[in-house]
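Numbering (full-length UniProt numbering), first residue to last: 1 to 1028.
So the structure is just underneath, and the comments pick up after that.
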């Protein structure tokens, strides 16, 4: 009997592709007997084109129905199937069949009565030599898998015949089977409609085959099958639809006894898969995971209806189609091949970074040798002292216990937020977990090589020349702000200097890679935790990055999250007392710094003494030449190279580098004008050195950009600039060998040995430390246990300029103890839990001796303490004169104890939130290769607004019937990527410094690499799907 074919063509705003489809339909060697055209509320010329083609039936709908619903609506105007030889041919606006397609399809199905559905070979709309999709299947866990996609058609797959399923685009199906099975499942409007229908066809006892000679070009408008647009919002909807379809099919296909188990696992699975999405660099898919889970969980009617439909028509068991399922091992193998293809397609031929061959290792080694030579007196010590250095807690547990929100054991103690710097110390202190204080010693010997390594890596983003990278590494390693911070004992400033190049190294890729964005976020949090004064400058740089990233802003938003979460409790408490500016206070021990004129900051010296040049001039009795002139001349080559970069090739990058330098300089100048911390009776300025470090980094980057434009003549000016920088930094570098550094080796004790020995058995031992002030006053501080630690310091305390009642009472006690009077301190000392009184050496101004007033106060206090009958002299110690007080009990009074509920419930809440956020960002920063199949699907992103060759771009707005959700911002961000902060392009000398590169990032399983940029081949696809 002659077969009767009804072709159904569905259009939804597809005028750009529809005409070609209609022309192809009219050119068929075997014409359909009936043509039903369905227009789904098109707002372009699609309706007119359909009417002009003179179909047998034209159905105009007022709503945008899914493909299956539109087909079912169109078939209502046709009579039901009259025989087994009536067929339906399903087409969409963007499915243009080759002239012999229908004839080939009919030839395949007519010769085999058991075949109820057949699918064509779907090829690219603009490249018919590339197979877009050919056959579908699913794994044992129900994950949909395309058998063939995005491959060059060399007839290598023409032997495929019986398959589990085919795509709905171009599908030819026996009309009686269609009517009996009810068509596509309404619960699968976008994804897996063809897969589910073909599974039901198979279970009804029929076959599904592929017809390689039937070829149909498809554009991927999203009418029949998913939308292939690379728009971020479309891809997010697609991932959500894929997961919802998989869960729906799981609920429908599962045995009745397993349905409750699957239902209960929906939300927990969404949670665990969300973690996997973060690891897989797919944070945009997290909302889709939960949306799909809840949609399936509350879709009881649709699931029940689908299960009844499946059971009613099933004539064979699931074992009959088991051979057509794809083993997980095969899926993994296919994905591995896609990753490899993407690896080659995206980046071309790989080249090494040339770190060893290019001298990078030698530069780091030289910096290490220099560091050992400059700080050799510290070798073998267990801890450091001097400046802002204090020992770390004795155990890792105590180190981490200072985080979040809770009891601050500073002075009399209080409940408050921890400084974010405590988190940085906890992480680094854990590296030497057996003795956390040893980390500071290691830091001093590793600082120079780590600085050189960081700058060398950052320079690799700016130039391919090893000599210029070496120049940047050494110029950063011997930078005056680093050497001065080390000689004055400022660990926070040292860490900030080391982190800055890594922050910019990762930040240059943050807009293109989720992994790089996560890494940048963690580095930014660590940097501002060490140097809060850099927050305004880095925020400005972030805004500039946001502008340059255009529509890839989502990744850059992530950069702010860890810093915001770490600082939020501290900002809140400072704001409550009207001192939000105090957030910018330097963390750690409050250390006085000299006022520094702006011209010295411009020279790169933040100490007010030109890094020791004034002392050199005095010691050598040099007159006639001011030290500032000498230093200015020495640093002139660096400044000249930086400024010349504005007029040479690559000036756009130089402008950005100099903007960074300007922001650093502005930060340093502002720091010299703001005092938010207090040390005893002295207001302390913010340390300008971290701003100078940022300023120096911008200058070095601009200089190597300028040197890169000079070409082969760059070696001489680079060497000259480096030599003069080394000479300028020499006085600061050799301070420790000359014995004029503030830093010294220590045994880790800040209190006398008798106190620390007593504290080992009584952790709440109290020591009242009295210190004579330069103005003749007396400072008082209560120390518990073995004394103060670096991670236990709090800017909430150091920036508080008001005294509580307890502190006023303590001040009265200190005044009475340091002067002869009839005052009996016994009761007050007992209530405070004081066991020892330590009279520390008088406070001195920078580089000066104790004032006469301070000496007089210290002498008066010594006489008064000796005369106090309640105190027992212990004697002089390395930290001052010591007296003991016998309280009569070893139990700590209430004032000396830590309240058991200190900080509750906020301590738990703050720690939980910070831990979750940092943990998620850490997962995001982990490099992965999981999503290479998505990269292989579309290795080149077309710029916005460009059309595909020979046609218009795929439709975006009508790819699915579901409305947009609030989380689907209008942007071009990819939903997934596997890029890493260590795996970005290394710039040519004329490339822009920032983020305009449109290429995707690779994964960073390998070391940092330099890539040979070649014209990549274009591969397209649906981005893949992930199994449970």
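Even glycine gets a Cβ: it sits at the ideal position worked out from N, Cα and C.
- For residue 546, same chain residues with a beta-carbon under 8 Å away, outside a window of 5 residues either side, are 553 and 556 in chain order.
- Between residue 103 and residue 195, the gap from beta carbon to beta carbon reaches 8 Å or more.
- DSSP links residue 871 through a beta bridge to 885.
- The alpha carbon of residue 693 has as its nearest neighbour, out of 493, 156 and 390, the alpha carbon of 493.
- Residue 476 counts as buried, since at least 16 other C-beta atoms from the protein chains shown sit within 10 angstroms of its C-beta.
- Taking C-beta atoms under 8 Å as the contact rule, residue 636 and residue 646 fail to qualify, at a distance of about 16 Å.
- Looking at the DSSP output, residue 836 bridges to 767 and 884.
- Contact between residue 176 and residue 86 holds, with the beta-carbon distance rounding to 7 Å and staying under 8 Å.
- Classified as buried, residue 13 has 16 or more neighbouring CB atoms from the shown chains inside 10 Å of its CB.
- By a beta-carbon distance limit of 8 Å, residue 791 contacts residue 426. Their separation comes to about 7 Å.
- In the DSSP assignment, residue 542 falls within the unbroken alpha helix (DSSP H) covering 535-548.
- The alpha helix (DSSP H) runs lying completely inside the segment 415-485 and spanning 4 residues or more are 420-429, 438-460 and 466-477, given in chain order.
- Boundaries of the beta strand (DSSP E) around residue 57: 57-61.
- Looking at the backbone, the Cα of residue 526 and that of residue 424 are separated by about 6 Å.
- For residue 233, the enclosing alpha helix (DSSP H) starts and ends at 232-253.
- The beta carbon of residue 361 is closer than 7 Å to those of 355 in its chain, skipping five residues each way along the sequence.
- Between the C-alpha atoms of residue 429 and residue 324 there is a straight-line separation of about 56 Å.
- Using a Cβ-Cβ distance cut-off of 8 Å, the segment 119-137 and the segment 165-185 are in contact, since at least three pairs of beta carbons, one from each stretch, lie closer than that value.
- Positions of the alpha helix (DSSP H) runs, each at least 4 residues long and wholly inside the segment 304-389, are given as 328-347 and 360-374 in order along the chain.
- Under the 10 Å beta carbon count, residue 665 is surrounded by 16 or more other beta carbons and is classified as buried.
- Annotated three-state conformation of residue 125 is coil, per DSSP.
- Nearest in C-alpha terms to residue 372, of all of 736, 925 and 715, is 736.
- When C-alpha distances from residue 3 are compared across 24, 478, 30 and 484, the shortest belongs to 30.
- Around the beta carbon of residue 574, a 10 Å sphere encloses 16 or more other beta carbons of the protein chains shown; the residue is thus reported as buried.
- Taking a C-beta distance under 8 Å as the contact criterion, residue 59 and residue 38 qualify as a contact pair.
- Between the segment 699-718 and the segment 566-585 there are fewer than three C-beta pairs closer than 8 Å, too few to call the two in contact.
- Of the candidates 540, 716, 48 and 7, the residue whose Cα lies closest to the Cα of residue 16 is 48.
- For secondary structure counted as the alpha helix (DSSP H) over 4 or more consecutive residues, the segment 560-604 holds these complete runs in sequence order: 598-603.
- Under the three-pair Cβ rule at 8 Å, the segment 772-786 does not count as touching the segment 376-387.
- Nearest in C-alpha terms to residue 224, of all of 850, 122 and 45, is 122.
- For residue 779, there is no enclosing alpha helix (DSSP H); the enclosing beta strand (DSSP E) covers residues 778-784.
- Residue range 4-11 is occupied by the beta strand (DSSP E) that includes residue 10.
- Closest option to residue 616, judged by alpha-carbon separation, among 695, 740 and 316: 740.
- Across the structure, residue 876 and residue 870 are spaced so that their CA atoms are roughly 18 Å apart.
- If you look at residue 23, you'll find it in the alpha helix (DSSP H) that goes 15-26.
- Using a Cβ-Cβ distance cut-off of 8 Å, the segment 530-548 and the segment 485-505 are in contact, since at least three pairs of beta carbons, one from each stretch, lie closer than that value.
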